[in-house]
Amino acid sequence: MSQGEPSYQPLGQLASLFQANLAALEAARPHIARQLGEFDPSMWGVCAADGQVKLAQRSAEGWRQMPQALTPMASKETAEKIFPNGRRMCAVLVAGVDQGWLWHALYTMPCEVPALPGHRPPLYFLARGGEHLALALHLHDWRQMLADPSVQLFVGADAVEQVARSMQGAAHCPWPKVAVTLDPVLWTQGRTLDSLLVQAAQAAEARFAACQKRLVELYRCADEPGALAARLQSEKSLKILGITSRYTTFLQYSMRDWLAGFEELGHQTKLVIEQEDFHSLSNLHYAQACAEFVPDIILLIDHARCEFKAFPPNIPFVMWVQDMLPNILSAPAGAGQNRTDYVLGYGRTDCIYKYGYPARRFMSSMIGVNPRRFSPPAQRGGYACDVSFVSHCSTPAAELLAEELQKQPDAQLKKLLSVMYEKLAGVYQSGGYVVEPMAFEQLLRQSMEQTQTRLQDPAGVLDFFTQRINNALFRHQALNWLVELDIDLRLYGRGWEAHPTFKRYARGVADNQKDLAEIYHTSRICLHIAPWGSAHQRVFDGLAAGAFFLFRGHGGELNESDWRELWRMCQAENIQTDQEFGRRATPPMRQLLARIVARTQDDPFASSYGPAYDFLGELRDQAEMDFTRSASTLWPEYSQVAFFNRDDLHEKIRRFLPDDAARQTIARSMRQTVVDKLSYLAICKRLLRFIDHDLAAGG
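So for the sequence shown, our numbering puts the first residue at 3; every next one is plus one.
1. Does DSSP classify W565 as helix, strand or coil?
2. I'd like the list of long-range same chain contacts for A399, defined as Cβ closer than 6 Å, with 5 residues on each side in sequence excluded.
3. If you check the beta carbons only, do Q67 and K83 fall under 8 Å apart?
4. Could you tell me the distance, in whole angstroms, from the CA atom of G584 to the CA atom of L529?
5. Just mark A633 as buried or exposed, buried being the case when its beta carbon has 16 or more other beta carbons within 10 Å.
6. Report all residues from its chain with a CB closer than 7 Å to the CB of G102; omit the five preceding and five following residues, and keep chain order.
7. Following a CB-centred definition, is G370 positioned closer than 7 Å to any heavy atom of the ligand SAH?
8. Look up V104 in the DSSP assignment and say whether it is helix, strand or coil.
9. Count the other C-beta atoms from every protein chain shown that fall within 10 angstroms of the C-beta of Q624, then say buried if there are 16 or more, exposed otherwise.
10. So, at 6 Å on beta carbons, what are the nonlocal neighbours of F692 in its own chain, with the 5 sequence-adjacent residues on each side left out?
11. To which residues of the same chain is K679 closer than 8 Å at the C-beta, ignoring the five residues directly before and after it?
12. I believe A97 touches W189 by the beta-carbon criterion, under 8 Å. Please report the beta-carbon distance rounded to the nearest angstrom.
13. Rounded to the nearest angstrom, how far is the Cβ of M91 from that of V115, given a contact under 8 Å?
14. Which residues bound the beta strand (DSSP E) around L57?
15. Starting from P352, trace the alpha helix (DSSP H) both ways and give me its first and last residue.
16. Does the distance from the C-beta atom of Y249 to that of G120 stay below 8 Å?
17. Taking the C-alpha atoms as reference points, what is the distance between T342 and V676?
18. Would S168 and Q191 be called neighbours here (beta carbons separated by less than 8 Å)?
19. Give the single residue among V180, Q214, R477, A212 whose Cα lies nearest to the Cα of L198.
20. Can you tell which of C175, W569, I300, L446 has the C-alpha that lies nearest to the C-alpha of T246?
21. Would you call S44 buried or exposed, if buried means 16 or more other Cβ atoms sit within 10 Å of its Cβ?
22. Hey, how far is the Cα of C686 from the Cα of A587?
23. Shortest alpha-carbon distance to F442 belongs to which of K425, A608, P8, P318?
24. In its own chain, which residues sit with a C-beta less than 6 Å from the C-beta of P2, not counting the 5 before and 5 after it?
25. Assuming F553 contacts S525 (C-beta within less than 8 Å), just tell me the rounded distance between them.
26. Rounded to whole angstroms, what's the CA-CA distance from L346 to V323? Just pull it up for me.
27. Quick one: give me the first and last residue of the beta strand (DSSP E) that C387 is part of.
28. Between which two residues does the alpha helix (DSSP H) carrying F553 extend?
29. Can you tell me where the alpha helix (DSSP H) holding A546 begins and where it ends?
30. Of all the alpha helix (DSSP H) runs that stay within the bounds of the segment 118 to 168, which reach a length of 4 or more residues?
31. Per DSSP, W65 forms a beta bridge with which residues?
32. Taking D616 as part of the beta strand (DSSP E), name the residues at either end of that continuous run.
33. Ignore the nearest five residues each way along the sequence and tell me which others in L243's own chain have a CB closer than 6 Å to its CB.
34. What residue from F264, Q15, E520, V274 has the CA that sits closest to A386's CA?
35. Considering Cα atoms alone, identify which of W46, S18, H33, R31 is closest to S9.
36. Taking DSSP as the reference, what is the three-state secondary structure of H523?
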């Protein structure tokens, strides 16, 4: 051996690592494992020095060192150049295995796709032959990677063509956006990543066109007048297609519960969702699902039909608005609603009068509850207490203000925020509260006048105070009243352990699936404190689990009772329109309206939505919901369980804590209301009636 020549050790010394990898490969990809099974390591040597690994093949002339494209350090740097933030955000193709360091660096890099939480973009790894891969399997513990289906592994001189066939045939797996070449020999006949993508896109477009043609034939009869209405009325079992994503936990459960409601009614359902965490779905998948299942109704949460190209235009498509998102709150979304598009959920008034959604096809609804999923659980112990409160709103309002002031560069705006905070906090220090939008606008006007500040767009300041500052003040005020009592109080959520007053009551974060139902069921009293009211998903779930709740009430909730009474009066007088109300309203009706306007500082007949706004139409919509959007009209027990001030809270805690029978009676009754009016089953029944009525009306 000449001076300076590396001292190679037999590669066979790493045989145990190779065999472990080979076993993993045999279990997951036996066709590739067979290509490696006869690899002979006896002619190979390995040497590690100075942060590098060298492989060499024995020959008659001595050791012939294998060329190396990337060292371990260079591989890490290459991966970081592709993803500078250190998070793998898209699919990558690596042509060539080299010594495997780049494969390892990319696979072990954390994944983060902001729009798809939990998504792991696939990796396309190509090796020219079994020998190349076998060498790398002696250097890395790749058992997990080799068994991971998100790693698309292609071995052979035709590896690029294998990738091309895979991309054309498996459109559920995101195609690579980046390619790194370690072995140029693999790219034969002028192939590039761009050419692979073009070919795959053409194949997908051809399949999509064929699928659309098939859908036209399948749904041709639906174009006949009245055909769909007749089918909805005559069929005992409809076919309901629901589409969701595994990358949104709440909406995934919501869709499953929604479909379960239809199944309980006897309908056939199909759920379209990514089967693996490295999959993504497209118009092609949705069109294929429609062609295979031939649904009568299509369901989607937070997305409209006009956002896609896949769905037949002539069958009911229902968008459930559960989040007020930009794709929903837009004029194009409203204009895109066709004759068989229906909307369910929140935001009816804004959608209709700001964005042009058809009023007759928008059915207001709260988010439903699945009583079976939140039925009283088997008790594991450890959660029983006098009073529990579940919320992540743990940061004191003063800290929220300080954080915002630190971020703001404008001294005048800082002064405005401080003055408005002092005014709002002063209301709470005196025992009051603020919930009405007009009250916040008035506080802002006063603060602007006092600081001589002008705002081009006050929406940001109002949002900061209503959504964050007031949320904390409203909740923490009631908790401060509560801690004056000698009770076993437990606070669940992030950050309570850092609160100066409430940290001794902190019990950590409660898992939504494992812990919440038992917390609800075993707490003697559960609190719900929110400035937006108590008709809330968490309350519905808690009642389904058998909880007894005390609510922090406020005047905003009582408005709904007055609206219900005003609607009753209008029905008694056969007043159907705003114009008729103006001409024929009775003195008691005008007195009631005046009381509402005085409380809310807002006249519904002088709405900012403009002359098209139909106030009685909105009341009619709420009547069709049975006035279920407010706790005061949803539960007859509201007056018994709502507290409005410190003394009221203390009195109700002292009354209900020792009275198990009273709590159980009220809890059972309120739970039954949830089941009857707010369960997915009840919502599904109402939705089918709503669609049937609209289709039968025609036009």
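Beta carbons: idealized from backbone N, C-alpha and C, even for Gly. Please read these numbers as outputs of a predicted model, since none were measured by experiment.
Considering the structure as presented:
1. helix
2. I471, A474, L475
3. no
4. 42 Å
5. buried
6. A138, L141, H142
7. No copy of the ligand SAH appears in this structure; indeed no ligand is present at all.
8. Here residue 104 is Leu; the residue named in the question, Val, does not match the sequence. Note: L104 maps to helix in three-state DSSP.
9. buried
10. M365
11. Once the five neighbours on either side are set aside, the close Cβ partners of K679 are D628, T630, L636.
12. 6 Å
13. In this structure M91 touches V115 by the C-beta definition: roughly 6 Å separates them, less than 8 Å.
14. 54 to 61
15. Contrary to the premise, residue 352 reads as Asp rather than Pro in this sequence. That run of the alpha helix (DSSP H) goes 350 to 355.
16. yes
17. 29 Å
18. no
19. V180
20. I300
21. exposed
22. 36 Å
23. For F442, the closest of K425, A608, P8, P318 by C-alpha to C-alpha distance is K425.
24. For the chain, the structure presents residues 3 to 701; residue 2 sits outside this window and is missing.
25. Their Cβ separation, rounded to whole angstroms, is 15 Å, which puts F553 and S525 out of contact at 8 Å.
26. Distance between the alpha carbons of L346 and V323: 6 Å.
27. 387 to 392
28. It is not in any alpha helix (DSSP H) - F553 instead sits in the beta strand (DSSP E) that spans 551 to 554.
29. According to the DSSP assignment, A546 belongs to the alpha helix (DSSP H) that extends over 539 to 546.
30. 132 to 139, 145 to 149
31. R60
32. Note, D616: premise wrong, no beta strand (DSSP E); not H, not E.
33. These residues qualify, in order along the chain: K272, F295, P297, I300.
34. E520
35. W46
36. helix
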